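A.B. asks: Numbering (the UniProt record's numbering), first residue to last: 1 to 205. Using N, Cα and C, we set each Cβ at its ideal position, and we do this for glycine too. Quantities reported herein were computed from a predicted structural model and do not represent experimental measurements.
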Ligand SMILES: [Fe+2]
């Protein structure tokens with residue numbers, strides 16, 4: 001009998017390793033200095049490390065870069081690369097700009113509202129607070145065009161998450177995979193936030 005993680009073609013694969021956490025996440029930035037200063041000014045995130053080379057250590061390609069690392073709390077690290085020899089950065093034009101984003105946690109609603117006021121005072125457009133049922137979020141963009149989310153967990157978050165069982169998750173995934181239409185199992189999470197939007201008739205129907 002096969003153990004978990006084995007297929008008939010991969011009998012000796014060792015699956016005893018486990019991912020411990022996200023070590024760091026890295027994005028491209030337009031200007032390393034501007035980025036470091038923006039994250040300090042608007043999100044109070046500290047600049048913890050920098051390194052720079054003319055050659056890329058992994059590929060050995062000549063591509064001078066500056067790599068900066070910011071403290072995202074609890075041992076989490078947000079990093080950026082500035083690569084001035086490359087064409088100006090852009091984003092996938094076929095992907096809506098709300099899809100790819102980085103969510104950062106704050107303690108509670110008070111912290112979120114203070115952050116929102118601070119961002120708006122700094123001239124940044126903020127969407128939300130958006131009610132996701134299990135957490136509540138605001139959204140905005142950094143100077144590089146990366147979408148950021150600040151969020152806090154709802155006080156009933158654990159109870160609500162426990163309503164989404166293992167079985168339900170798998171069923172949703174299978175249904176989506178089959179139909180590419182949103183399964184309705186978890187609509188209770190956004191019932192308040194989307195009540196109005198759901199009155200709208202989709203274009204073409
Ligand atoms: Fe998110």
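Nearest CA to the CA of residue 42: which residue from 119, 127, 77?
C.D. replies: Among 119, 127, 77, the Cα nearest to that of residue 42 belongs to 119.
A.B. asks: Less than 7 Å between the CB of residue 193 and some heavy atom of ligand 1, yes or no?
C.D. replies: It does not: the Cβ of residue 193 is nowhere closer than 7 Å to a heavy atom of ligand 1.
A.B. asks: Sorted by chain position, which residues of the same chain lie with C-beta nearer than 8 Å to residue 61's C-beta, five sequence neighbours on each side aside?
C.D. replies: Answer for residue 61: 55, listed in chain order.
A.B. asks: Quickly, what does DSSP pair residue 27 with across the bridge? List them, please.
C.D. replies: Note: residue 27 sits in a beta bridge opposite 80.
A.B. asks: Mapping DSSP to helix, strand and coil, what is residue 148?
C.D. replies: Note: residue 148 maps to strand in three-state DSSP.
A.B. asks: Could you give the residue range of the beta strand (DSSP E) that holds residue 52?
C.D. replies: Counting along the chain, the beta strand (DSSP E) containing residue 52 begins and ends at 47-55.
A.B. asks: To which residues does DSSP link residue 168 through a beta bridge?
C.D. replies: Residue 168 is not bridged to any residue.
A.B. asks: Nearest CA to the CA of residue 52: which residue from 39, 200, 140, 68?
C.D. replies: Considering only alpha carbons, the answer is 68.
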